[in-house]
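J.: One structure coming up, written as C-alpha cells, with questions to follow.
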Amino acid sequence: MPPAEDAPPQTPPPARWTAAGSRVLLQSPPPAFPLGSNDDQQERARARAAARAASVRRRSLAASIAPSKDPRHDLLNREQVMDLFHNCIKLASENKINQKNTWELGLIDHLSEIIQAGVDEDEETNFQKASCTLEAGVKIYSLRVDSVHSEAYKVLGGINRAGRGEEAGEGALEF
Numbered sequence: 153m154p155p156a157e158d159a160p161p162q163t164p165p166p167a168r169w170t171a172a173g174s175r176v177l178l179q180s181p182p183p184a185f186p187l188g189s190n191d192d193q194q195e196r197a198r199a200r201a202a203a204r205a206a207s208v209r210r211r212s213l214a215a216s217i218a219p220s221k222d223p224r225h226d227l228l229n230r231e232q233v234m235d236l237f238h239n240c241i242k243l244a245s246e247n248k249i250n251q252k253n254t255w256e257l258g259l260i261d262h263l264s265e266i267i268q269a270g271v272d273e274d275e276e277t278n279f280q281k282a283s284c285t286l287e288a289g290v291k292i293y294s295l296r297v298d299s300v301h302s303e304a305y306k307v308l309g310g311i312n313r314a315g316r317g318e319e320a321g322e323g324a325l326e327f
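Mapping of the sequence shown onto this note's numbering: residues 153 to 327, in sequence order.
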C-alpha cells in the first residue's frame, strides 16, 4: 500500500469569497492581549486571600452595626428573670398571649438565661423546663410576626387610600 493512502484526507483551510469573486483564506485574528501562563496554585491562594478579606469585612461590619442592648434587659437579676419566666409560662398555658401584649413580654430576650439557670447550680438541664420555655417563646414570636404583618397591611391600606384620593383629586381638576 502506498503511504499516501494511509494519510487522512487533507481538508482545505476555511475560505470565503470576496465581492470580486476571488477566494480569501480565513485566519484567526491575533490575540488582543497576550495570555500568560495559568498558575493554579497562585489562583487558589488569591481566592483564599479574597475569601479571608471578605470574612474580616463581614465580621467588622456586623460588629459595627450590632444593635445596642436595651439597658432595661441588663438590669434584670436572676429573681426578676424567673418571675418573667413564670408569668410568661402562666400566660401561655392560659392562652392569654395576644398581639397586643406580646411586645411587652421579654421572655425571648432571656431564653438562654432561663435555661442556664439550673446548670449554674450543678444541675443537669431540665428539658421539660426548656420545652415549656421554648413553646412560650414560639407563641410570643409567632404573635409578634402576626402583629408586624397586620400593621404592614394597615400601612399598605393607608397608602392605597391616599393614592386613590390623589388620583380622584387630579381627575377633578382636569376639564
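Note that CB positions come from ideal geometry on N, CA and C, so glycine has one too.
1. Please classify Leu187 as buried or exposed, where buried requires at least 16 other C-beta atoms within 10 Å of its C-beta.
2. The beta strand (DSSP E) that contains Leu177, what's its start and end?
3. Measure the Cβ-Cβ separation of Ser299 and Gln251 and say whether it is below 7 Å.
4. Note down, in chain order, each residue of its chain lying with its Cβ closer than 6 Å to the Cβ of Ile267, except the 5 sequence neighbours on either side.
5. Use the C-beta contact count for Thr254: other C-beta atoms within 10 angstroms, 16 or more gives buried, fewer gives exposed.
6. Taking all protein chains shown into account, decide if Ile292 is buried (16 or more other Cβ within 10 angstroms of its Cβ) or exposed.
7. Three or more beta-carbon pairs under 8 Å between the region 192-199 and the region 235-243, yes or no?
8. Just to confirm my understanding: we take Ala172, look at its own chain, exclude 5 residues before and 5 after, and list those with CB closer than 8 Å. What are they?
9. Residues in the same chain with beta-carbon distance under 7 Å from Cys284, minus the five sequence neighbours each way, listed in chain order, please.
10. Whole angstroms are fine: how far does the CA of Ala203 sit from the CA of Glu265?
11. With burial defined as no fewer than 16 other Cβ atoms inside 10 Å of the residue's Cβ, what is the status of Ile249: buried or exposed?
12. My guess is that Gly289 and Leu263 are in contact by the Cβ rule of under 8 Å, so how many angstroms apart are they, rounded?
T.: In this structure, then:
1. exposed
2. Arg175 to Leu177
3. yes
4. Ala282
5. buried
6. buried
7. no
8. none
9. Ile241
10. 35 Å
11. buried
12. 6 Å
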